[in-house]
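Participant:
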Amino acid sequence: MEALLIALAALYGAVAGALLPRARYRLGVGPEEPWRRLGPCGHPVAGWLGPARCGRCGGVYGPGARGPAAVTALVCAALAGAAGARPELAVWLLAAPVAVLLAAVDRSVRRLPDVLTLPLAAGLAALLGAAALIPGAAGSWAGALWGALALGGGYFALVVVHPAGMGPGDAKLALGLGCALGWYGWDVLLLGAFAGLLLGSGCALGLLAARRVRRGTALAFGPFMLAGAWLGVLAGASHA
Numbered sequence: 001m002e003a004l005l006i007a008l009a010a011l012y013g014a015v016a017g018a019l020l021p022r023a024r025y026r027l028g029v030g031p032e033e034p035w036r037r038l039g040p041c042g043h044p045v046a047g048w049l050g051p052a053r054c055g056r057c058g059g060v061y062g063p064g065a066r067g068p069a070a071v072t073a074l075v076c077a078a079l080a081g082a083a084g085a086r087p088e089l090a091v092w093l094l095a096a097p098v099a100v101l102l103a104a105v106d107r108s109v110r111r112l113p114d115v116l117t118l119p120l121a122a123g124l125a126a127l128l129g130a131a132a133l134i135p136g137a138a139g140s141w142a143g144a145l146w147g148a149l150a151l152g153g154g155y156f157a158l159v160v161v162h163p164a165g166m167g168p169g170d171a172k173l174a175l176g177l178g179c180a181l182g183w184y185g186w187d188v189l190l191l192g193a194f195a196g197l198l199l200g201s202g203c204a205l206g207l208l209a210a211r212r213v214r215r216g217t218a219l220a221f222g223p224f225m226l227a228g229a230w231l232g233v234l235a236g237a238s239h240a
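Quick note: the sequence shown uses full-length UniProt numbering, first residue 1, plus one each step.
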């Protein structure tokens, strides 16, 4: 039964990930720039979901052509293996494609769009509230809400203290990640938060040592926050 659940979650992740490249292309623009409406070929981009390829001429929309299907499949399979057939698994699976898309966009253009971060936070809060009412849930909705306030508030404070190193998008993302981590308790919240910081710091030091970046170079921190939160949720789900 567990193997079947993991396989189904991986299949779902692969299908969901295959629908992300077009959204990645449209959202992959700099701050204050409008979302892309035209492909490089000049034809309008139809919708938000699907491959990053023009339906008229077959032209590829740049770096978003290779979709993150494999990454989303891996993320969903791991979540299914850790959480099992508990109500909150449905919430994690719904949030996973959004998280992968956010990581891809931030890595490309160092931007975490409000159209993704804010609905992610609100959706997690609402869906975890519903999951808490179903027998078999292993977390706490109150803990999720407190986690969102704690991690979101912490990152907003970092934005105020050090705006050059942390952006408002990171703080808005932290609201949703804090909600997910807080579901399993304060220890998981701290684990996920510090895992993101350690991953980001380790990558920055590695790039500095390899002379790929210079001291003071700004890096996209969203992917590390998301990876740390994913590891925290895996740990919390496994021990719930």
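By construction, the Cβ of each residue, glycine as well, lies at the ideal position given by its N, Cα and C atoms.
In this text, all values refer to a predicted model and were calculated from it rather than measured experimentally.
Starting from residue 5, trace the alpha helix (DSSP H) both ways and give me its first and last residue.
Facilitator: Translated into the one-based positions of the sequence shown, residue 5 becomes position 5. Note, residue 5: alpha helix (DSSP H), 2-18.
Participant: Among 2, 182, 178, 105, which has the Cα closest to the Cα of residue 36?
Facilitator: Your numbering for residue 36 matches position 36 in the sequence shown. Nearest C-alpha to residue 36: 105.
Participant: Quick one: which unbroken alpha helix (DSSP H) runs of 4-plus residues sit fully inside the stretch 168-196? Chain order, please.
Facilitator: 168-182
Participant: In the DSSP assignment, what residue or residues form a beta bridge with residue 53?
Facilitator: Counting from 1 along the sequence shown, the entry for residue 53 is found at position 53. Residue 53 is bridged to 60.
Participant: Considering only the alpha carbon of each residue, which of 214, 222, 33 lies closest to residue 193?
Facilitator: Working through the sequence shown from its first residue, we reach residue 193 at position 193. When only C-alpha atoms are compared, the closest one is 222.
Participant: Tell me the residue span of the alpha helix (DSSP H) that contains residue 140.
Facilitator: As a position in the sequence shown, residue 140 is number 140, starting the count at 1. Per DSSP, residue 140 belongs to no alpha helix (DSSP H) and is neither H nor E.
Participant: Can you find at least 3 beta carbon pairs, one from the stretch 103-118 and one from the stretch 136-153, that sit closer than 8 Å?
Facilitator: no
Participant: Per DSSP, what are the beta-bridge partners of residue 97 in this structure?
Facilitator: For the purposes of this step, residue 97 is taken as the residue at position 97 of the sequence shown. Looking at the DSSP assignment, residue 97 forms no beta bridge with any residue, so it has no partner.
Participant: To which residues of the same chain is residue 53 closer than 6 Å at the C-beta, ignoring the five residues directly before and after it?
Facilitator: As a working mapping, residue 53 is identified with position 53 in the sequence shown. The residues are 60.
Participant: Taking Cβ positions, are residue 94 and residue 176 nearer each other than 9 Å?
Facilitator: By one-based count along the sequence shown, residue 94 stands at place 94. By one-based count along the sequence shown, residue 176 stands at place 176. Their beta carbons are not under 9 Å apart, which means residue 94 does not touch residue 176 by this criterion.
Participant: Go ahead and label residue 88 buried or exposed: buried means 16 or more other beta carbons lie within 10 angstroms of its beta carbon, across all protein chains shown.
Facilitator: Residue 88 sits at position 88 when you count from the first residue of the sequence shown. By the 10 Å Cβ count, residue 88 comes out buried.
Participant: How is the alpha helix (DSSP H) around residue 225 delimited, first residue to last?
Facilitator: By one-based count along the sequence shown, residue 225 stands at place 225. Looking at the DSSP string, the run of the alpha helix (DSSP H) that includes residue 225 is 222-239.
Participant: What's the C-alpha gap between residue 163 and residue 31?
Facilitator: In the sequence shown, residue 163 corresponds to position 163, counting from 1. In the sequence shown, residue 31 corresponds to position 31, counting from 1. So the alpha carbons of these two residues sit roughly 15 Å apart.
Participant: By Cβ distance, which residues of its chain are closer than 6 Å to residue 144, with the 5 residues on each side in sequence left out?
Facilitator: Numbered from 1 along the sequence shown, position 144 holds the residue referred to as residue 144. These residues qualify, in order along the chain: 128, 179, 182, 183.
Participant: When you compare the CB positions of residue 100 and residue 167, do they come within less than 9 Å of one another, or not?
Facilitator: Working through the sequence shown from its first residue, we reach residue 100 at position 100. Working through the sequence shown from its first residue, we reach residue 167 at position 167. With a cutoff of 9 Å on beta-carbon distance, residue 100 and residue 167 are scored as not near each other.
Participant: Kindly indicate which three-state DSSP category residue 65 falls into: helix, strand or coil?
Facilitator: Walking along the sequence shown from the start, residue 65 turns up at place 65. Low per-residue confidence applies at residue 65: pLDDT is 43, beneath 50, and the placement is therefore not dependable, though the value from the model is reported in the following sentence. The answer is helix: DSSP assigns residue 65 an H, G or I state.
Participant: Do you know whose CA, among 14, 136, 40, 15, lies nearest residue 26's CA?
Facilitator: Looking up residue 26 in the sequence shown gives position 26. Shortest Cα-Cα distance from residue 26 to any of 14, 136, 40, 15 involves 40.
Participant: Going by Cα to Cα distance, which pick from 186, 165, 42 is closest to residue 200?
Facilitator: Indexing the sequence shown from 1 puts residue 200 at position 200. With distances taken between Cα atoms, residue 200 lies closest to 165.
Participant: Starting from residue 22, follow the alpha helix (DSSP H) in both directions and report where the run begins and ends.
Facilitator: As a first step, residue 22 is located in the sequence shown; it is residue number 22 there, counting from the start. Its alpha helix (DSSP H) spans residues 21-27.
Participant: Report the option in 85, 97, 90 whose CA atom is closest to the CA atom of residue 13.
Facilitator: One-based indexing of the sequence shown puts residue 13 at position 13. The candidate whose alpha carbon is nearest that of residue 13 is 97.
Participant: Could you check which residue in 205, 170, 228 has the C-alpha nearest to that of residue 190?
Facilitator: Along the sequence shown, read from residue 1 onward, the residue named residue 190 stands at position 190. Looking at 205, 170, 228, the one whose alpha-carbon comes closest to that of residue 190 is 228.
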